[in-house]
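Single-structure report; data block below.
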Amino acid sequence: MGNEHILEVKNLVVHYLTARGPLPAVNDVSFSIEKGRIVGVVGESGSGKTTLALAILRQLPRLTRIHKGSVMFYGIDLVKLSEKEMNEIRWKKISYVPQAALNALNPTMKIIDHFIETGNAHGINDKKLIVEKAVEIMKMLNLESERVLYGYPHELSGGMKQRVLIALSMIFEPELLILDEPTTALDLLTQRLILDLIKDLHRRTHMTVMFITHDIATIADIADDVIVMYAGKLMEKGDVFTVFKNPHHPYTKALMSSIPDLTGDINKMRSIPGSLPDLINPPSGCIFHPRCPYAFEKCKREEPPAVEIKPGHVVSCWLYSEQ
Ligand SMILES: Nc1ncnc2c1ncn2[C@@H]1O[C@H](COP(=O)(O)OP(=O)(O)OP(=O)(O)O)[C@@H](O)[C@H]1O
Ligand SMILES: [Mg+2]
Numbered sequence: 545m546g547n548e549h550i551l552e553v554k555n556l557v558v559h560y561l562t563a564r565g566p567l568p569a570v571n572d573v574s575f576s577i578e579k580g581r582i583v584g585v586v587g588e589s590g591s592g593k594t595t596l597a598l599a600i601l602r603q604l605p606r607l608t609r610i611h612k613g614s615v616m617f618y619g620i621d622l623v624k625l626s627e628k629e630m631n632e633i634r635w636k637k638i639s640y641v642p643q644a645a646l647n648a649l650n651p652t653m654k655i656i657d658h659f660i661e662t663g664n665a666h667g668i669n670d671k672k673l674i675v676e677k678a679v680e681i682m683k684m685l686n687l688e689s690e691r692v693l694y695g696y697p698h699e700l701s702g703g704m705k706q707r708v709l710i711a712l713s714m715i716f717e718p719e720l721l722i723l724d725e726p727t728t729a730l731d732l733l734t735q736r737l738i739l740d741l742i743k744d745l746h747r748r749t750h751m752t753v754m755f756i757t758h759d760i761a762t763i764a765d766i767a768d769d770v771i772v773m774y775a776g777k778l779m780e781k782g783d784v785f786t787v788f789k790n791p792h793h794p795y796t797k798a799l800m801s802s803i804p805d806l807t808g809d810i811n812k813m814r815s816i817p818g819s820l821p822d823l824i825n826p827p828s829g830c831i832f833h834p835r836c837p838y839a840f841e842k843c844k845r846e847e848p849p850a851v852e853i854k855p856g857h858v859v860s861c862w863l864y865s866e867q
């Protein structure tokens, strides 16, 4: 397999401009995504996952700035594109299924009209073509297209709505699909079903997927590579096998120990003590040090660099970069 990079994010910094000052929700994050892989992005609530996705798509809310860095997509820096050029990329090349999107479908519109409207919005006015494409993708997602297309959103279960949203995001056969917590709002059985369908879709289309979740167990299930984020910072990244077999960062270890073990002993499930720091006035040194059981003096003073401890396996922690 070639290792062509479809996306390369370099030193990305994203600020929400707040009354108290700039809030760096993504802070000096660098990683690349290899074509055809499923890359999981994991971290607790507030770690900057959604902000990262919105920055890649340049779909950030008002009063938010990409302060620094680049997002290279096939060698083109998306940060520098005009709004018009960016519109040619969104949906067509990179598509996004937002977090908590289940209620984003218009209740007064039939599902088929959502597809037609999305097509129209991006310059495809051939209804027949759009419907053909919709049927093809819905089939891959195990949706009965005749019934679903001519129904209204309220007639669909959560799992069906999520599949419709994924199908909608795929009508232009994007190269990169970003799914933001696609299973979070669903019951366990439906989560399982959606994960299997995404894996199946990935096998058939070979598209590249960025899969955002706060649940590290889901990452083990679906992703090839993992990016662990905390408080806007990248803590660890690597291929899932390596990182899960041998997690280095204390934060990754803590996330992993929160997975209930196979015996289902709920008492063994630990959550990570403490909470996210104030990002406007962050702690000095390593941003995780106030919660880190291994922190030593240097961690309080200096920020650890991201160090590649093995090809492709990167850790930002003084435990591994102290020379
Ligand atoms: N519009 C906004 N204005 C100001 N701060 C914001 C805004 N949106 C997000 N933030 C802050 O940015 C940080 C990162 O938020 P983000 O939503 O990217 O995290 P997340 O990892 O996606 O969390 P979750 O798992 O809850 O979806 C948080 O501290 C959050 O409070
Ligand atoms: Mg989010």
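With this note's numbering applied, the sequence shown covers 545 to 867.
Positions of the beta carbon are idealized from the N, C-alpha and C atoms, including for glycine.
Given the structure is predicted, the values throughout are model-derived calculations rather than measurements.
Query	Result
Complete alpha helix (DSSP H) runs within the segment 818 to 855 (minimum length 4 residues, chain order)	841 to 845
Per-residue DSSP class, three states only, for residue 634	strand
Stretch-stretch touch, CB-based, cutoff 8 Å, three pairs: the segment 765 to 780 with the segment 574 to 586	yes
Check: residue 643 C-beta below 8 Å from any heavy atom of ligand 1	yes
Any non-hydrogen atom of ligand 1 within 8 Å of residue 725 CB	yes
Distance between beta carbons of residue 760 and residue 816, contact taken as under 8 Å	Incorrect: roughly 11 Å between the Cβ atoms, too far for contact.
Residues whose Cβ lies closer than 6 Å to any heavy atom of ligand 1, in chain order	560, 562, 567, 569, 587, 589, 590, 591, 592, 593, 594, 595, 605, 643, 758, 823
Same chain, Cβ closer than 7 Å to residue 848, neighbours up to 5 away in sequence not counted	830, 860, 861, 862, 865
Reduced DSSP secondary structure (H/G/I, E/B, other) of residue 590	coil
With 16 other Cβ atoms within 10 Å as the buried cut-off, status of residue 704	buried
The segment 677 to 692 contacting the segment 631 to 648, beta-carbon criterion three pairs below 8 Å	no
Inter-residue spacing [alpha-carbon to alpha-carbon] between residue 813 and residue 560	Residue placement at residue 813 is poorly supported in this model, since its pLDDT is 47, which falls under 50; the coordinates still yield a value, given next. Spanning the two alpha carbons is a distance of roughly 34 Å.
Rounded straight-line distance, which links the Cα of residue 727 to that of residue 545	Residue placement at residue 545 cannot be trusted, given a pLDDT of 47 that sits under 50; what the coordinates show is reported in the next sentence. Those two C-alpha atoms are separated by around 29 Å.
Residues near residue 658 by beta carbon distance below 8 Å, same chain, minus five either side	649, 650, 708, 712
Minimum C-alpha distance to residue 672 - residue among 697, 715, 701	715
Span of the alpha helix (DSSP H), counted from its first residue to its last, around residue 569	Residue 569 -> not in any alpha helix (DSSP H); beta strand (DSSP E) instead, spanning 565 to 578.
Own chain, CB closer than 6 Å to residue 811, minus 5 neighbours either side, in chain order	In this predicted model, residue 811 has a pLDDT of only 48, less than 50, meaning its place in the structure is not dependable enough to derive any value.
C-beta contact flag for residue 784 and residue 857 at 9 Å	no
C-beta atoms of residue 611 and residue 553 nearer than 9 Å	no
Inter-stretch contact (C-beta, 8 Å, three-pair minimum) for the segment 820 to 829 and the segment 837 to 854	yes
Distance, residue 567 Cα to residue 676 Cα	45 Å
Delimiting residues of the beta strand (DSSP E) encompassing residue 816	Residue 816 -> no beta strand (DSSP E), and no H or E assigned at all.
For residue 774 and residue 756, the rounded distance between their alpha carbons	13 Å
Residue 674 to residue 736 span [Cα, whole Å]	29 Å
CB contact check: residue 601 to chain C, cutoff 9 Å	Judged by its chain identifiers, the structure shown contains no chain C, having just a single protein chain.
Exposed unless 16 or more other CB atoms sit within 10 angstroms - verdict on residue 667	exposed
Range covered by the alpha helix (DSSP H) that runs through residue 708	702 to 713
Contacting residues, own chain, Cβ-Cβ under 8 Å from residue 702 (five flanking each side not counted)	646, 729, 730, 731, 734
Spatial distance of residue 821 from residue 654 (CA atoms)	44 Å
Alpha helix (DSSP H) segment containing residue 664, residue limits	655 to 665
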